Each structure stands twice: as C-alpha cells, then as structure tokens.
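Scroll down for the structure; my scribbles are underneath it.
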Amino acid sequence: MLRVRRGDRQAFRELVERHQRAVVQTIYRAIGDAWEAEDLAQRVFLQVWRSAGRYQPTAKFTTWLFTIVHNTILNEHRRRGRRGAESLDALTQREEEEGRGVQFADTRSPDPSQQVAERELQARIEAAIRRLPDNQRTAVVLCRFEGFSYEEIAQVLHCSVPAVKSLLHRARETLKEQLRGYY
C-alpha cells in the first residue's frame, strides 16, 4: 500500500488482484446481488486509490480496506433504503429463481435430495445473514468469512472489542431464531 500511496499504478493493480475476491464476497454477503457487489467493489477500490495519500500504516491494511468496504455498504443501504420486510421464504425463493446464492455441491453426498436440502439451507443462511442489522452483519462476515480478529473488527466498526463480542452474540441469537427448524 505504501507503493500505491506514492502513485504506483502497478502496485495498485496488484493490490486489487490480491483483495478483489474478498471485497466482492463481503459486499455480496451484505447486499445479495452479484452485479451490485461487483459495482460496489469498484467503488471501494476507487476510494482506496483516492485515499491512498491519507493512508497511515497504523493498523493492518485489510482493516483499513474493510473499513472502506463497511462504509460503502452502509452508504448503499442508505441510498436505496433498506429492503422492506420480506419473509425468508420469499427472499430465498426469489434468489433461487434468479440463480443467485452460492451453490455448494457436496461430492461426499451423491444423494440429489440431500444436495438440494444443503443448497436450500445455504441459501437460507445467506438470506438470514443479509437480514441482520448492518453492524451485526459486518461483524459476522468479517469474523466467519474473512477471518478477522475481534480487535480488527472493532477497528473496522469503530467500537470496542466487548461491543464486537456483543454484536456477534446478538447476531448468533438472531440467526438461531431465524433458522430454527434447520438445526
């Protein structure tokens, strides 16, 4: 990032290549729209380029990057307004019809009905995560999918480590409630 800060375009290309997948996946988990996730990821990297001169290496680069990701997601939610109350069933059905959602083929289970059940569960989990409040969703995605420590999540969300633990606990309780009957 220090090379990017000096205006090195090749270093910026390498930075984008290294982090683009994680950024897109994080945004997708929050927004639920693959095209929109790609678009917002471009906005994130544009912001990284524009803000490179102000970057201070006081924390890990990924912490700084995912702070930008988090703020971009929040801004997008504000811009288009939060999705109205929609049942998990309707959301999951619409996603399946549109071909969205991550499809995990389980090669250990040749039973097609088991594979369908697993895909349905995965879609419901993704939908439930997207329905969490912004800070809870971000904490879950960074902790479970990106491998961030509590301290790193606290830096991204501008809160304390105990607050992160509380966010994750509340998210876990909400997810348990929303997914009751599947576990």
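Residue numbers (my numbering): 12 to 194. Ideal Cβ positions, reconstructed from N, Cα and C, are used throughout, including at glycine. As the structure is a computational prediction, the values presented were derived from the model and not from experiment.
4 or more residues per run - each alpha helix (DSSP H) lying fully within the stretch 25–52: none
Other residues of its chain near Y39: CB distance less than 7 Å, five sequence neighbours each side excluded: Translated into the one-based positions of the sequence shown, residue 39 becomes position 28. Hits under 7 Å: A45 and A48.
Three-state secondary structure (DSSP) of D122: Taking the sequence shown and counting its residues from 1, one reaches residue 122 at position 111. Note: D122 maps to coil in three-state DSSP.
Close Cβ partners of F56 (< 7 Å) along its chain, the five nearest in sequence each way excluded: Indexing the sequence shown from 1 puts residue 56 at position 45. Excluding positions up to five away in sequence, the list reads V27.
V172 vs T74 beta-carbon contact at 9 Å: Counting from 1 along the sequence shown, the entry for residue 172 is found at position 161. Counting from 1 along the sequence shown, the entry for residue 74 is found at position 63. It is not a contact, given that the beta carbons lie outside the stated cut-off.
For T69, the three-state DSSP class (helix, strand or coil): Position 58 of the sequence shown, counted from the first residue, corresponds to residue 69. Reduced to three states, the DSSP call for T69 is coil.
Cut-off 6 Å between Cβ atoms - residues of its own chain near G95, not counting five sequence neighbours on either side: As a first step, residue 95 must be located in the sequence shown, where it is residue number 84. Confidence at G95 is low in this model, with a pLDDT of 40, below 50, so the placement of that residue should be treated as unreliable; the coordinate-derived value is given next. Nothing listed; no residue qualifies.
Coarse secondary structure for R111, derived from DSSP in three states: Counting from one through the sequence shown, the residue named residue 111 turns up at place 100. Residue placement at R111 is poorly supported in this model, since its pLDDT is 45, which falls under 50; the coordinates still yield a value, given next. It is coil, neither helix nor strand.
Three-state class that DSSP yields for E188 in the structure shown: Here residue 188 refers to the residue found at position 177 of the sequence shown. Reduced to three states, the DSSP call for E188 is helix.
F77 (DSSP reduced to helix, strand or coil): On the sequence shown, residue 77 is found 66 positions in, with the first residue counted as 1. F77 falls in the helix class under three-state DSSP.
Separation of P123 from R90, as counted between CA atoms: Mapped onto the sequence shown, residue 90 falls at position 79. Mapped onto the sequence shown, residue 123 falls at position 112. Straight-line Cα distance between these residues: approximately 41 Å.
CA-to-CA distance, A134 to V127, given in whole angstroms: The count along the sequence shown starts at 1 and reaches residue 127 at position 116. The count along the sequence shown starts at 1 and reaches residue 134 at position 123. Taking the straight line from one Cα to the other gives about 11 Å.
Sub-9 Å separation of H180 and T78 beta-carbons: Counting from one through the sequence shown, the residue named residue 180 turns up at place 169. Counting from one through the sequence shown, the residue named residue 78 turns up at place 67. Contact flag unset, no.
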